[in-house]
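The opening position of the sequence shown corresponds to residue 12 in my numbering, with each subsequent residue numbered one higher. Glycine residues also receive a C-beta, built at the ideal position from the N, C-alpha and C atoms. Worksheet: the structure to be examined is printed underneath.
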Amino acid sequence: VLLLFEHLAVPAPLSDARVPGVYAEIAADPRPVSVLQVPLGWRNSFGVLGPERTQLQYYQTAHGKPMLGGNISRAPDFKMDYFARIPYFDALTRIEFGGEVSPEMLDAARAQAGDLMYLYNTAYVLLYPPIPARYPYADHWQAAWDFVQETLPLEDEPFWAEGGIEAYRVVQPAGDDSFTVDLGAAGTFPYRGEGWDSAETDMPYETPAIWALDDGSRLFVPLRNVDPARDYTVTARLRPFVYPGAPQQAVTAVINGTDLAAQTLGDEWQEVAWTVPGAVLVDGLNRVELRWDHAAAPRDVAPGGRAIGATGVEMPIDADVKAFADGAFIALFDEEGAQIDASAGRRGVNVTVLDPDTGAVLEQVGFDTAANDFESQALAEFMAGIAPGRIVILATSGDAGAFLTDAALAQFAGIGFSASLEELQGNHFAVIGVQGAAPGSAAAVIHPDDAFLRVSLNRDRRPLAAAVDWLRVE
């Protein structure tokens, strides 16, 4: 008996499984609307964004409406990234955790708050008090409530309040059955699903637009008062990614799961259009997917070259070299694009020696030629010992030319970099050469402010399909 009492869990920890009564009213709403609840957060197998409260997802079984936030497992990174990059959700989740929110982020959040409610067709916002001792929301819930009440278009008073919970109706515009997503403008992250470049704005082909990636690019288009008896037109302005030998691009539109006809594209900017029955569209969020015939990475189809000046030698690895007053950067990039820092990082002349076959860093040494000519002599002796055929990178920091000697200049010439003392003093220089190369054949930049040199294949590994300027449903 004593053993039994020793292991008896009293009082038993229990969770209240009763569903708040407000959800019965929400469930009775026949419209295809969504619900936003605070605390707002998302959780997957790898992390959290905001103080996700799984109990709210349980309540969804009672109201049956789409909800913002929740717990999903093994989701693609995009599912979390989508919400994290939207200023409103970024600001709210920071506030819920007691984090700092910049004035610029607050302004961006306020500016898009109403548009988000329209996009997601959100009709109800529920504010929950914290579960006792559930930190950090327990410390910052009031700030989160204040932010939501100040920024979202809510009715002045809650339509339901009980047990510390406040439920508000969202005041939305009537809206109409046409909408344009201008991808050339800032602020389109909420409307962009999978298959788009991560830049907020871009200028492909010198036009404000965004690159569509991979074989499918999804947009979210809010509509209201759709007439199921009439036809609508979906139009997109776009230009395919074209390269030498590229096959002709084609695109198919898929609207809420309904495939429309494929369109063959020319090489220039063009408008393509599809007719879609109104019965395919919905009052609320419509999913418009552009499916591409193919996509290609510029690095694969237009790689360029890595010739080291006129030496006749090519770099086996991508390289950026920058020389300036406060630093000397030598950055190498492997085939996956991972950066390798290869500079000694000293004032004066930094020398990095590479294996000409693999690009492996063999040596990286710095010489403070801004201090005295002994350092310059040591530089000359070091370079004289570099084996023929090895790739040599120079990057200067500070007044590297102050104590350069003729012996050092002679060793520079030995890697193909020919410059006089007058040319180098007061300037910064970035050089990639080859030990034993002809004088003047190295790749080199000399500049009084900063010298930047790149010897690299095309770094763009994105699978580009087409640049899209805008898409319109009308």
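- Boundaries of the beta strand (DSSP E) around Ser408: 402-408.
- Of the residues Thr162, Phe158, Arg250, Gly109, the one whose Cα lies closest to the Cα of Asp480 is Arg250.
- According to the DSSP assignment, Arg250 belongs to the beta strand (DSSP E) that extends over 242-251.
- Look at the stretch 268-300 and you find these whole runs of beta strand (DSSP E), each 3 residues long or longer: 269-275, 281-288.
- Ranking Gly174, Glu173, Ala178, Phe463 by CA distance to the CA of Glu166 puts Ala178 first.
- Met214 is classed as exposed because its beta carbon has fewer than 16 other beta carbons within 10 Å across all chains shown.
- A Cβ-Cβ contact shorter than 9 Å links Asn55 with Lys90.
- Going by beta carbons, Ala257 and Val291 fall outside the 9 Å limit.
- In terms of CA proximity to Ala411, Leu432 leads the group Leu432, Glu392, Asp225, Pro474.
- Non-local beta-carbon contacts of Gln71 in its own chain, meaning distances under 6 Å to residues more than five positions away in sequence, involve Met78 in chain order.
- Counting the other Cβ atoms within 10 Å of the Cβ of Gly52 gives 16 or more, which makes it buried.
- By the beta-carbon neighbour count (other beta carbons within 10 angstroms, threshold 16), Phe385 is exposed.
- Nearest Cα to Ala124 within the set His74, Gly198, Ile221, Asp88: Gly198.
- Annotation: Val159 to Thr363 spans about 55 Å, alpha carbon to alpha carbon.
- Ser387 sits in a helix when the DSSP states are folded into three classes.
- In the DSSP assignment, the residues bridged to Ser45 are Thr133.
- Asp331: not part of any alpha helix (DSSP H); member of the beta strand (DSSP E) spanning 329-335, first to last residue.
- Within its own chain, the residues whose Cβ lies closer than 7 Å to the Cβ of Leu230, once the five positions on either side in sequence are excluded, are Val192, Tyr202, Arg203, Gly204, Val299, Leu482, listed in chain order.
- The C-beta distance from Ala476 to Trp303 rounds to 4 Å, short enough to fall under 8 Å.
- By the Cβ test, the stretch 326-339 is in contact with the stretch 435-442, since at least three Cβ pairs between them sit closer than 8 Å.
- The Cβ-Cβ distance between Val466 and Gly400 does not fall below 9 Å.
- When the beta-carbon positions are compared, Tyr139 and Gly175 come within less than 9 Å of each other.
- Segment contact: the stretch 350-358 against the stretch 459-473, fewer than three CB-CB distances shorter than 8 Å; contact not assigned.
- Between Glu115 and Ala95, the alpha-carbon positions lie close to 16 Å from each other.
- Between Val372 and Leu365, the gap from beta carbon to beta carbon is short of 9 Å.
- For Pro147, same chain residues with a beta-carbon under 8 Å away, outside a window of 5 residues either side, are Pro62, Glu107, Phe108, Gly109 in chain order.
- Secondary structure note for Gly437: it is in no alpha helix (DSSP H), with a DSSP letter that is neither H nor E.
- Ala261 and Leu276 do touch by the CB rule: their CB atoms are close to 6 Å apart, below 8 Å.
- The straight-line gap separating the alpha-carbon atoms of Ala86 and Asn297 is approximately 22 Å.
- About 13 Å separates the CB atoms of Asp208 and Pro309; that is not less than 8 Å, and the two are not in contact.
- When secondary structure is reduced to three states using DSSP, Met214 falls in the coil class, being assigned neither helix nor strand.
- The Cβ atoms of Ile443 and Ile319 sit closer than 9 Å to each other.
- Residue pairing by DSSP places Glu173 opposite Ile176 in a beta bridge.
- Counting only the Cα atoms, Ala453 lies some 18 Å from Ala339.
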